[in-house]
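Worksheet for the structure shown next.
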Amino acid sequence: NAGVTQTPKFQVLKTGQSMTLQCAQDMNHEYMSWYRQDPGMGLRLIHYSVGAGITDQGEVPNGYNVSRSTTEDFPLRLLSAAPSQTSVYFCASGTGTTYEQYFGPGTRLTVT
Amino acid sequence: DQQVKQNSPSLSVQEGRISILNCDYTNSMFDYFLWYKKYPAEGPTFLISISSIKDKNEDGRFTVFLNKSAKHLSLHIVPSQPGDSAVYFCAASESGSNYKLTFGKGTLLTVNP
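The listed protein sequences derive, respectively, from chains A and B. So in the numbering used here the end of the first sequence lands on 98, straight run, no missing numbers. So in the numbering used here the end of the second sequence lands on 407, straight run, no missing numbers.
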């Protein structure tokens, strides 16, 4: 069991570029989420999915897009990167029956 | 509007002593609370949780206490070990919304040998 995997680990983008952060889980979890963590802040929810084909916005969704075509994968797309999106991004997954979420190792993104 | 507050950014304790990390919340709809531990350059890992129908949950050296009337919870680590040095996040979830966690800002715990 690899758990939750994220790629890439590090990424540097220029303002205006687009990219996709990949997230995959092999635990057959229904729920998947994307959070961002900024210095001095807790984790903030960007988007989440309660199952394949179902996504919704979290607390800070602007500038991000998601889709979930399979149970395993939940990619996060940055449409036009801005310096304010410099952050560490964590993907998480959970079952539909418990509250615990399991996190990936994170992607550190810098937008210049 | 911060719904989960960890007012101590850092805490330093001696090895073998008790560590007490505190968390306050404002949303009365929260009914499940979790603590996560995070080492640098890693993702958060689940540590312990408590439902609002309980006031205490224990798992080895870790105990979480919940005071619903005060909207306050605390994590006790006894005895503290140097390997416990990490950032600890308090998180909360509303009933029926277990896909959505609201996190505090975290407390950096340093356990000195």
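Ideal Cβ positions, reconstructed from N, Cα and C, are used throughout, including at glycine.
At a beta-carbon threshold of 7 angstroms, none of the residues of chain A lie near B:K331; the nearest stands roughly 11 angstroms away. Shown here, B:G377 sits in a helix according to DSSP, grouped into three states. Around the beta-carbon of B:G390, fewer than 16 other beta-carbon atoms lie within 10 Å, marking it exposed. Taking a Cβ-Cβ threshold of 9 angstroms, none of the residues of chain B is close to A:Y75; the smallest such distance is about 10 angstroms. In the pairwise beta carbon analysis, the stretch 63 to 79 of chain A is classified as not touching the stretch 343 to 352 of chain B: fewer than three pairs are separated by under 8 angstroms.
Chain-order list of chain A residues neighbouring B:Y326: Y85, by C-beta distance under 7 angstroms. Secondary structure at B:Q297: coil, using DSSP grouped into helix, strand and coil. In this structure, the beta-carbon distance from B:S304 to B:T401 falls below 8 angstroms. For A:D42, the pairing in a beta bridge is given by DSSP as A:Y34.
Within the stretch 11 to 40 of chain A, the residues whose Cβ lies closer than 9 angstroms to any Cβ of chain B are, in chain order, E16, Y17, M18, S19, Y21, Q23, G26, M27, G28, L29, R30, L31, Y34, S35 and V36.
Think of a sphere of 7 angstroms around the beta carbon of B:F359: no beta carbon from chain A falls inside it, the nearest being about 18 angstroms out. Along the stretch 375 to 404 of chain B, the positions whose C-beta sits under 7 angstroms from a C-beta of chain A are F383, S387, N392, Y393, K394, L395, F397, G398, K399 and G400, read in chain order. The beta carbon of B:P373 lies closer than 6 angstroms to those of G310 in the same chain, with the five residues before and after it left out.
Look at B:F356: its C-beta is not under 8 angstroms from any C-beta on chain A.
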